[in-house]
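Here's the structure we're looking at; comments come further down.
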Amino acid sequence: MKKVLVARAVFPEVLEALRAHFEVESNRDDTVWSKSQLIERLQGKAGVFATGSERIDAEVLAACPGLEAVCNMAVGYNNIDVAACTARGIVVTNTPDVLTETTADFGFALMMAAARRMAESERYLRRGEWLKWHYDQFMSPDVHGTTLGILGMGRIGQAIARRGALGFGMGVIYHNRTRLPADKEAAVHARYVDKATLLREADHLVLVVPYSPASHHAIGAAELAQMKPTATLTNIARGGVVDDAALAAALKERRIAAAGLDVFEGEPRVDPALLEVPNVVLTPHIASSSVRTRRAMADLAADNLIAALGCGSRAGRPPTPVNAEALAAR
Ligand code: GLV
């Protein structure tokens, strides 16, 4: 039996499914291991069930020569050096599709909460400051009928576009590295624009772009300066896509109206300046966290690991590989 490491706590049923095929070492305490602790536990393991929190970089790979598969329980995989995995013939997998609609729901909710000042007004109520109705209390920008801007137009971006266009009568504009084919654009009622137009015209800008060196600080001081003072910014992509310090300054000075953030640079640390400003809704990276979706993600990551290590009915054909080249080279 091959040995695998489950790097974080996960559903007991998923551990059981893995135990049918492997000798499993699991992180029952859900400790966040240092790199050297991770390397130590990966010794002798053929595969790892990881989450977005484990950095599987070239140094880890070099120190763990027995590794054949790295299976992420996340759609994003910027925590993994995919090129280094491919060079070593290590299969990398992620969990697309199963989380698209749940994540889009959350992104839309976060955008609405930021735009309609829900967290800010709730804190005011909890502080006991609500003493009377007032005509301009917590007035905010509208959501319906405004312009929704989307940066990144993969599956989740498209699901958000549909919500905006069909549910809220929004005009939808987007910018992406590659433009969608016309039929897909029509299906999500979205119009392609350049980034400057996106920043200038969006009333509500939602970020759904994967993190890479190219998208690092895609929204920084210069980009925030191009946005409308009434606009909101929502980040459900990755910390690092936004320059959090620049955003905190823009929120403080009301250069944009509000923000909703589910991801942070260096999370779980949150820039203290963001904690000081009232016009931001902060959530702890939970966009995909519905009961059904988190279970589906864990099941898919396990199915990938089982198949990538040559077991089960899909042996050798993991459902959602990131680097199909590594499989082809086997
Ligand atoms: C969550 O951030 C994911 O990438 O699945």
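For the sequence shown, the working numbering gives the first residue as 1, with consecutive numbering after it.
Note that the Cβ used here is the ideal one computed from N, Cα and C, for glycine as well.
- The region 124-141 and the region 94-112 do not touch, with fewer than three beta-carbon pairs separated by less than 8 angstroms.
- Where LEU5 is concerned, the enclosing beta strand (DSSP E) starts and stops at 3-6.
- Around the beta carbon of LEU166, fewer than 16 other beta carbons lie within 10 angstroms, which makes this residue exposed.
- Around the CB of VAL10, 16 or more other CB atoms lie within 10 Å, so the residue is classed as buried.
- Residue pairing by DSSP places LEU261 opposite ASN235, LEU282 in a beta bridge.
- Annotation: ALA62 to ALA83 spans about 13 angstroms, alpha carbon to alpha carbon.
- Among the bridge pairs identified by DSSP, ARG19 is matched with none.
- Distances from the CA of SER53 to each of GLY47, GLU40, ASP30, GLU23 were compared; the closest alpha carbon is that of ASP30.
- CYS311 is not a Cβ neighbour of LYS45, given a cutoff of 9 angstroms.
- Sorting ILE150, SER289, GLY47 by C-alpha distance to the C-alpha of LEU99 places SER289 at the top.
- For ILE150, the enclosing beta strand (DSSP E) stretches over residues 147-151.
- TYR211 sits buried, since 16 or more C-beta atoms from the chains shown fall within 10 Å of its C-beta.
- Scanning its chain for C-beta atoms nearer than 8 angstroms, with the 5 sequence neighbours on each side dropped, one finds around GLU25 the residues LYS3, VAL4, LEU5, VAL6, ARG41, LYS45, in chain order.
- If you ignore the 5 residues before and after LEU148, its C-beta comes within less than 6 angstroms of the C-beta of GLY164, MET170, VAL172, HIS204, all in its own chain and listed in chain order.
- Ranked by how close their Cα comes to the Cα of LEU18, the residues VAL193, GLU59, CYS71 have CYS71 in first place.
- Annotation: ARG162 to LEU199 spans about 20 angstroms, alpha carbon to alpha carbon.
- Judged by the Cβ position, THR283 fails to qualify as a neighbour of the ligand GLV at the 8 angstroms threshold, every heavy atom of the ligand being at least this far.
- Within a 10 Å sphere around the beta-carbon of THR178 sit fewer than 16 other beta-carbons, which makes this residue exposed.
- Residue pairing by DSSP places SER26 opposite VAL6 in a beta bridge.
- A direct Cα-Cα distance of roughly 37 angstroms separates GLN137 from ARG292.
- Burial of PRO318 is indicated by the presence of at least 16 other C-beta atoms within 10 angstroms of its C-beta.
- Between GLY316 and LEU327, the CB-CB gap stays under 9 angstroms.
- Membership of ASN72 in the beta strand (DSSP E) is indicated by the continuous run 69-72.
- Contact residues of the ligand GLV (beta-carbon closer than 6 angstroms to any heavy atom; chain order) are GLY52, ALA74, VAL75, GLY76, LEU99, SER288.
- In the DSSP assignment, LEU205 falls within the beta strand (DSSP E) that extends over 204-207.
- DSSP places GLY89 in no alpha helix (DSSP H); its state is neither H nor E.
- Here SER215 is buried: its Cβ has 16 or more other Cβ atoms, across all protein chains shown, within 10 Å.
- DSSP lists ILE173 as the beta-bridge partner residues of ARG191.
- For HIS175, the number of other beta carbons within 10 angstroms of its own is at least 16, and it is reported as buried.
- Boundaries of the beta strand (DSSP E) harbouring VAL48: 47-50, taken from the DSSP string.
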